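Each remark here refers to the structure printed beneath this line.
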Amino acid sequence: MTPRQRRWIFLVAGVGLAAFYLWGLLGLPGFGRYPGPYGPAILRVAVAQTNATGVVSAINFEYRGFDTVGEEFILFVAAAGVATVLRRLRGERDRPAVDEAADRDVPDTSSAVRIVALLTTGPVALAGWWLTSHAQTNPSGGFQGGVMLATAFVLIYLSGEFLVFKRFSPIDLTDVAEAVGAAGFVAVGVSAVAMGLPYLTNYLPLGQVPGAVSSSGTIALISFFVGIEVAAAFILIVGELLDQTLLVRRRG
Amino acid sequence: VNTLAVHTPYTVPVAMMDALQVTLLVLVAAGATAVVLIRAPVRQVLMLSTYGVLLAVLFLAFQAPDVTLSELTVGAVLLPAVLLLTLAKVRKKEQ
Numbered sequence: 001m002t003p004r005q006r007r008w009i010f011l012v013a014g015v016g017l018a019a020f021y022l023w024g025l026l027g028l029p030g031f032g033r034y035p036g037p038y039g040p041a042i043l044r045v046a047v048a049q050t051n052a053t054g055v056v057s058a059i060n061f062e063y064r065g066f067d068t069v070g071e072e073f074i075l076f077v078a079a080a081g082v083a084t085v086l087r088r089l090r091g092e093r094d095r096p097a098v099d100e101a102a103d104r105d106v107p108d109t110s111s112a113v114r115i116v117a118l119l120t121t122g123p124v125a126l127a128g129w130w131l132t133s134h135a136q137t138n139p140s141g142g143f144q145g146g147v148m149l150a151t152a153f154v155l156i157y158l159s160g161e162f163l164v165f166k167r168f169s170p171i172d173l174t175d176v177a178e179a180v181g182a183a184g185f186v187a188v189g190v191s192a193v194a195m196g197l198p199y200l201t202n203y204l205p206l207g208q209v210p211g212a213v214s215s216s217g218t219i220a221l222i223s224f225f226v227g228i229e230v231a232a233a234f235i236l237i238v239g240e241l242l243d244q245t246l247l248v249r250r251r252g
Numbered sequence: 253v254n255t256l257a258v259h260t261p262y263t264v265p266v267a268m269m270d271a272l273q274v275t276l277l278v279l280v281a282a283g284a285t286a287v288v289l290i291r292a293p294v295r296q297v298l299m300l301s302t303y304g305v306l307l308a309v310l311f312l313a314f315q316a317p318d319v320t321l322s323e324l325t326v327g328a329v330l331l332p333a334v335l336l337l338t339l340a341k342v343r344k345k346e347q
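As structure tokens, then:
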């Protein structure tokens with residue numbers, strides 16, 4: 001194909017794409033005008049049906065819980081994939097990292113970074129835990145909380161040494177935590193089936209007060225499991241990548 | 253007209269909210285362009301992180317605080333951290 005032909009094909013395709021795009025844009029509803037029946041309907045019934053004032057969590061973990069199981073397993077498979085690709089192969093041996101360019105100028109971690117990281121680790125872990133356990137009361141949830149919990153571990157790495165990070169998050173333990181989190185979500189769904197209810201039915205008592213931490217039945221429970229899964233997955237991914245940066249693997 | 257509008261003591265005039273949203277949209281567009289235009293990898297990652305913060309504020313202004321939290325943690329912190337680690341690994345090999 002000559003460059004000339006290629007340019008023509010691109011022009012035709014480009015004009016076609018632009019036309020469809022414009023057509024689509026013209027058909028959009030006005031800014032901020034949501035035309036669907038679903039949003040207003042769910043806002044009317046969600047709090048009364050689930051006793052969760054965090055309606056986003058109610059949608060994620062109950063009304064569309066089936067979608068969320070799928071999303072959670074995307075992350076699960078991604079973490080498993082990273083762990084598989086970066087595993088130690090048969091015949092490969094770990095060698096502690098030796099600085100291969102000892103003469104280059106690498107600045108030490110400044111005390112400012114260490115202090116900020118140390119001071120923020122506790123609050124970040126607390127905030128992560130709070131978000132994970134309060135999905136039913138406000139727009140938080142296991143995903144955001146789990147990532148924040150993982151961030152606390154990254155701060156430990158920033159504030160100190162890699163070995164401390166490894167001691168706080170051994171890979172075997174994060175593996176198990178990830179599996180427990182992912183399985184817990186599915187188990188909540190399957191246990192409903194075992195009781196003769198549809199998959200992921202909210203069968204736990206909903207509590208008396210909408211928006212209380214103890215309210216909303218399985219929504220809070222699922223958010224907790226998602227938090228564990230997400231935190232473990234991210235710690236695992238970051239840990240594996242740090243391993244790759246700091247360890248050298250050689251055959252023989 | 254919007255039937256879901258709720259008026260509280262903290263409700264902001266519509267014009268002010270529009271101005272905020274338009275400003276943020278422009279900032280996000282500028283941030284995204286900057287991420288593409290910056291070619292030095294480390295600077296690009298830092299700009300990407302800044303862009304993540306901008307996007308998070310945008311989501312907040314468009315009333316999606318849950319997405320704000322996700323974007324802050326993933327887009328502004330973890331994705332840049334993973335990219336920086338990768339850059340560190342690649343550089344070590346080059347030397």
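Protein chains in written order, with this note's numbering: chain W, 1 to 252; chain G, 253 to 347. Glycine residues also receive a C-beta, built at the ideal position from the N, C-alpha and C atoms. Bear in mind that the values here come from a model prediction, so they are computed numbers and not experimental data.
- For proline 123/W, the enclosing alpha helix (DSSP H) starts and ends at 111 to 133.
- Within 9 Å of the CB of serine 140/W, the CB atoms of chain G belong to Pro317, Asp318 and Leu321, in sequence order along the chain.
- For a Cβ distance threshold of 8 Å, residue set Val334 of chain G lies close to isoleucine 237/W, ordered along the chain.
- A direct Cα-to-Cα measurement between tyrosine 199/W and lysine 341/G gives close to 45 Å.
- By alpha-carbon distance to glycine 65/W, the top candidate from Gly189/W, Ala194/W and Gly36/W is Gly189/W.
- About 16 Å separates the beta carbons of glycine 141/W and asparagine 202/W, which is beyond the 8 Å limit, so they are not a contact pair.
- Taking a C-beta distance under 7 Å as the contact criterion, leucine 158/W and alanine 117/W qualify as a contact pair.
- Under the Cβ distance rule, valine 147/W counts among the residues neighbouring chain G, one pair being separated by less than 7 Å.
- A straight-line Cα-Cα distance of about 35 Å links isoleucine 42/W and alanine 152/W.
- Residue-level contact by beta carbon holds for alanine 340/G and chain W, with a gap shorter than 7 Å.
- Annotation: the segment 151 to 182 of chain W contains the following complete segments of the alpha helix (DSSP H) (minimum length 4 residues), in chain order: 162 to 168.
- Two segments are said to touch when three or more pairs of C-beta atoms, one from each, lie closer than 8 Å; by this definition the segment 174 to 181 of chain W does not touch the segment 6 to 18 of chain W.
- Setting aside the 5 residues that flank it on each side, threonine 50/W is surrounded in the same chain by Ala58, Glu62, Asn202, Leu206, Ser216 and Ile219, each with a C-beta closer than 7 Å to its C-beta; the list follows chain order.
- In the three-state DSSP reduction, asparagine 51/W falls in the coil class, being neither helix nor strand.
- Using beta-carbon distances, valine 329/G counts as an interface residue toward chain W, with a partner under 7 Å.
- The DSSP-derived three-state label of asparagine 202/W is coil.
- Around phenylalanine 168/W, the same chain offers Phe153 and Ile156 as residues with beta carbons nearer than 7 Å, after the five sequence neighbours per side are excluded.
- In its chain, beyond the 5 residues on either side, Ala58, Gln136, Ser216 and Ile219 have a beta carbon closer than 6 Å to the beta carbon of alanine 52/W.
- Contact of threonine 325/G with chain W by beta-carbon distance below 7 Å involves Gln144, Val147, Met148 and Thr151.
- Tyrosine 262/G: not part of any alpha helix (DSSP H); DSSP gives it neither H nor E.
- Contacts with chain G at 7 Å (Cβ-Cβ) include glutamine 244/W.
- Using a Cβ-Cβ cut-off of 7 Å, leucine 279/G does not count as an interface residue toward chain W, since no Cβ of chain W sits closer than that to its own.
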